[in-house]
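S.K.:
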Amino acid sequence: MTLTAVEGVEVGHWTHPSGVTGCTVVVLPEPNVAAVEVRGAAPGTRETALLEPGMRVETIQALLLTGGSAFGLAAADGVMQELAADGRGHPTLLGPVPIVPAAVIFDLAAGDPATRPGADQGALAYRAATGEPVAGGPIGAGAGATVGKWRGFESIHPGGLGSASIDLDGVTVAALVVLNALGDVFTLEGDALTGGDHAPDFNPAASMGENTTLVVVITDAGFDRSSTRRLAIRAQDAIAACLRPAHTRYDGDAAFAISCGDRPADLDRVSEAAFVVTARAIEDAIRRGTSGE
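Under the numbering used here, the letters of the sequence shown match residues 19 to 311, in that order.
1. Specify, as a first and last residue, the run of the alpha helix (DSSP H) that Glu100 falls within.
2. Return yes when the C-beta of Phe274 is under 7 angstroms from any heavy atom of the ligand ATP, and no when it is not.
3. In this structure, does DSSP put Thr296 in helix, strand or coil?
4. Hey, Leu83 and Thr42 are a contact pair by Cβ (cut 8 angstroms); roughly how many whole angstroms apart?
5. What number of angstroms, rounded off, separates the C-alpha of Asp215 from the C-alpha of Asn229?
6. Counting only the same chain and skipping the five closest in sequence on each side, list residues whose C-beta sits under 8 angstroms from that of Asp255.
7. Confirm, please, whether the CB-CB distance from Val203 to Leu232 is below 8 angstroms.
8. Per DSSP, Thr234 forms a beta bridge with which residues?
9. Looking at the structure shown, is Ala80 part of a helix, part of a strand, or coil, going by DSSP?
10. Compare the beta carbon distance of Ile39 and Gly129 with 8 angstroms and say whether it is the shorter of the two.
11. Quick check on the DSSP output: the alpha helix (DSSP H) that includes Thr39 runs from which residue to which?
12. Cα separation between Arg252 and Ala217?
13. Going by other Cβ atoms of all chains shown within 10 Å of its Cβ, with 16 needed for buried, is Thr63 buried or exposed?
14. Terminal residues of the continuous beta strand (DSSP E) containing Ser183?
15. So is Glu150 buried or exposed if we call it buried at 16+ other beta carbons inside 10 Å?
16. Compare the Cα-Cα distances from Leu46 to each of Gly170, Ala60, Gln79 and Asp104 and report the closest residue.
17. Would you kindly work out how many angstroms separate the C-alpha atoms of Ala92 and Ala141, rounded to a whole number?
18. Taking the CB atoms as reference points, tell me whether Val191 and Val54 lie closer together than 8 angstroms.
19. Grouping DSSP H, G and I as helix and E and B as strand, with all else coil, what is Arg248?
20. Across which residues does DSSP place Thr148 in a beta bridge pair?
21. Report yes if the C-beta distance between Val51 and Ser289 is below 8 angstroms; otherwise report no.
22. For Ile157 and Leu206, I'd like the C-alpha separation in whole angstroms.
Structure (structure tokens):
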């Protein structure tokens with residue numbers, strides 16, 4: 019099961035024909051409550067300030083995850099245009115204004131650096147959104163993703179997009195990951211998936227490159243923003259457990275969390291599910307990225 023196991027959630031991708039970049043849109047049911055936790059020191063984001071505690075707007079219409087570094091944030095314009103055409107957005111006196119937080123990975127080295135998602139590509143990804151199980155591997159925002167760069171060019175592995183979900187006695191917790199990490203990848207149990215050391219030691223001569231792992235955790239449990247942010251924090255903890263090193267100066271790791279239901283649930287139990295499901299989505303991304311599926 020994938021992110022779309024949460025009722026009403028849809029995911030769409032646009033992938034460059036050469037597979038060197040792309041973008042992924044997560045379309046959300048309303049109402050919802052969204053939060054974010056950013057731990058990497060080199061993030062590229064849009065509208066994330068709205069997701070901090072105390073901000074007036076809590077419901078968002080969609081999330082954009084995209085390649086193209088900061089250039090790729092332009093793809094959110096296309097998602098906004100499509101949502102506006104559908105009459106969706108935050109209500110104002112002059113009509114709805116769609117709220118589309120976005121975050122990028124750096125994949126410019128995967129192909130022509132001038133090739134990156136823009137508004138047209140964001141619109142295509144939105145129109146491709148479906149509630150079917152999420153495709154993974156080198157697709158959408160994960161098309162040009164790589165991992166293991168901290169050890170040098172010879173150690174780089176394909177990254178990609180992965181997803182997983184958990185059922186907690188009728189409450190669904192699901193995650194989607196775009197895996198483009200500086201570090202190596204490990205399972206939650208500690209098994210090495212890309213050949214790196216459990217205790218990494220930076221090689222100053224290695225090319226660190228540009229990176230970032232992005233996570234979206236969604237549940238149909240009903241939480242306020244403060245509680246929802248706990249899910250994002252535990253998702254970041256899963257990044258630290260599975261990617262070594264993680265949260266470096268060369269990563270822009272960001273985790274979004276959304277509560278889009280009203281099912282009663284224990285926050286601590288759902289938070290731990292967010293930790294596990296993020297780890298499983300990371301494993302799914304690296305396995306499907308390597309296999310090309």
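Idealized CB from N, CA, C, for every residue including glycine.
M.R.: For this structure:
1. Ala93 to Ala103
2. Ligands displayed in this structure: none; no statement on the ligand ATP is therefore possible.
3. helix
4. 5 angstroms
5. 19 angstroms
6. Phe293
7. no
8. Before going on, a small fix: residue 234 reads as Val here, not Thr. Paired residues: Leu194 and Phe274.
9. strand
10. According to the sequence shown, residue 39 is Thr rather than Ile. Their beta carbons are under 8 angstroms apart, which means Thr39 touches Gly129 by this criterion.
11. Run containing Thr39: none; DSSP gives neither H nor E here.
12. 21 angstroms
13. buried
14. Gly178 to Leu186
15. exposed
16. Gln79
17. 11 angstroms
18. no
19. helix
20. Val29
21. no
22. 24 angstroms
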